[in-house]
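Colleague: Each residue of the sequence shown is one higher than the one before, counting from 1 in the working numbering.
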Amino acid sequence: MKSTITSFAADEWILESQRLRYRKINEGDFEELKAMLSDPKVMYAWEHTFSDQLISNWIKNQLSYYRQDGVGYFAAIEKDSSAFVGQMGLHRFSRDNQIAFEVCYMLKNQYQHNGYALEGVQALTEYAFANMGLGIVYAQIKTDNITSIKVAEKARFIKQSVFIKHYNGKDMEHSLYAKTL
1 MKSTITSFAA
11 DEWILESQRL
21 RYRKINEGDF
31 EELKAMLSDP
41 KVMYAWEHTF
51 SDQLISNWIK
61 NQLSYYRQDG
71 VGYFAAIEKD
81 SSAFVGQMGL
91 HRFSRDNQIA
101 FEVCYMLKNQ
111 YQHNGYALEG
121 VQALTEYAFA
131 NMGLGIVYAQ
141 IKTDNITSIK
151 VAEKARFIKQ
161 SVFIKHYNGK
171 DMEHSLYAKT
181 L
């Protein structure tokens, strides 16, 4: 079943790519996010699914990121059907005691392996360069997430290093990829 999002004015879209439009996530996206964040097939790289409380906190965090940085995860909406495909965005993180931004995404299971991840990564990277004035954008990817590694490499990100990221009480090996302007 495809869900639709039709209540947004044209000026509320942050950017668009060939098949997708991107807008800020809001409280009304709870059920769409729940369908994705509670799906083990989608959340395999995170090694857990999200409870209703974690989803509510996720939305609040995105709203905070928008106020802080103007970016975060955005709702990715299919142009042709208005379906909520997933979320894609840019997130602040600390790198060598400096502020940096990474491109990130999660897609609903039924929209995976259709080129949306690559399309979104390319659009968001260009947005970061053109609209945020960044000269470099990163991607942090679990070393066993072969699909996301392929997306990063197709988008011409270059592997910089491997590091341990502590998340949800676990140490997870990640690769850091980067793309420069």
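A virtual CB, placed ideally from N, CA and C, is assigned to each residue, including glycine.
Decide yes or no for the touch test of the segment 101 to 110 against the segment 52 to 64: beta carbon pairs closer than 8 Å, at least 3 of them.
Modeller: With a cut-off of 8 Å, the segment 52 to 64 and the segment 101 to 110 do not count as touching, because too few Cβ pairs lie within range.
Colleague: In this structure, does DSSP put Q62 in helix, strand or coil?
Modeller: Helix at Q62.
Colleague: Measuring only the C-alpha atoms, how far is F163 from M172?
Modeller: Distance between the alpha carbons of F163 and M172 is about 8 Å.
Colleague: Can a CB atom of chain D be found closer than 8 Å to the CB of A100?
Modeller: Chain labels in this structure do not include chain D; a single protein chain is all it has.
Colleague: Which of the three DSSP states is assigned to K34 in this structure?
Modeller: Of the three classes helix, strand and coil, the one that applies to K34 here is helix, per DSSP.
Colleague: With a Cβ-Cβ cutoff of 8 Å, do L134 and Q160 count as a contact?
Modeller: Against a cut-off of 8 Å, the Cβ pair of Q160 and L134 comes out as no contact.
Colleague: Whose C-beta lies closer than 7 Å to the C-beta of Y127 among residues of the same chain, with five residues either side of it excluded?
Modeller: L15, listed in sequence order.
Colleague: At what residues does the alpha helix (DSSP H) containing F50 begin and finish?
Modeller: No alpha helix (DSSP H) holds F50; DSSP gives it neither H nor E.
Colleague: Would I25 and F74 be called neighbours here (beta carbons separated by less than 8 Å)?
Modeller: Yes; because the gap between Cβ atoms is below 8 Å, this pair is in contact.
Colleague: What's the C-alpha gap between T6 and V121?
Modeller: Low per-residue confidence applies at T6: pLDDT is 36, beneath 50, and the placement is therefore not dependable enough to give any value.
Colleague: Going by the DSSP bridge assignment, what does A75 pair with across the sheet?
Modeller: DSSP, once it has assigned bridges, lists R23, Q87 as partnering A75.
Colleague: Within 10 Å of its beta-carbon, does I141 have 16 or more other beta-carbons around it, so buried, or fewer, so exposed?
Modeller: Per the 10 Å Cβ criterion, buried.
Colleague: Using CA atoms only, rank isn't needed, just tell me which of E78, Y111, F129 is closest to L90.
Modeller: Of E78, Y111, F129, the residue nearest in Cα terms is F129.
Colleague: Can you give the Cα-Cα distance for D52 and A45, rounded to whole angstroms?
Modeller: Answer to the nearest angstrom: the Cα atoms are 19 Å apart.
Colleague: If you drop the 5 nearest sequence neighbours on each side, which residues of the same chain put their C-beta closer than 7 Å to that of F8?
Modeller: Its pLDDT being 39, under 50, F8 is placed unreliably in this model, and the coordinates cannot settle the point.
Colleague: Give me, in chain order, the residues of the same chain whose beta-carbon lies closer than 8 Å to that of T49; leave out the 5 immediate sequence neighbours on both sides.
Modeller: So the qualifying residues of the chain are L37, S38, D39, P40, M43.
Colleague: Return the chain-ordered ranges of every alpha helix (DSSP H) run that is complete within the segment 101 to 166 and spans a minimum of 4 residues.
Modeller: Whole alpha helix (DSSP H) segments, 4+ residues: 116 to 131, 146 to 154.
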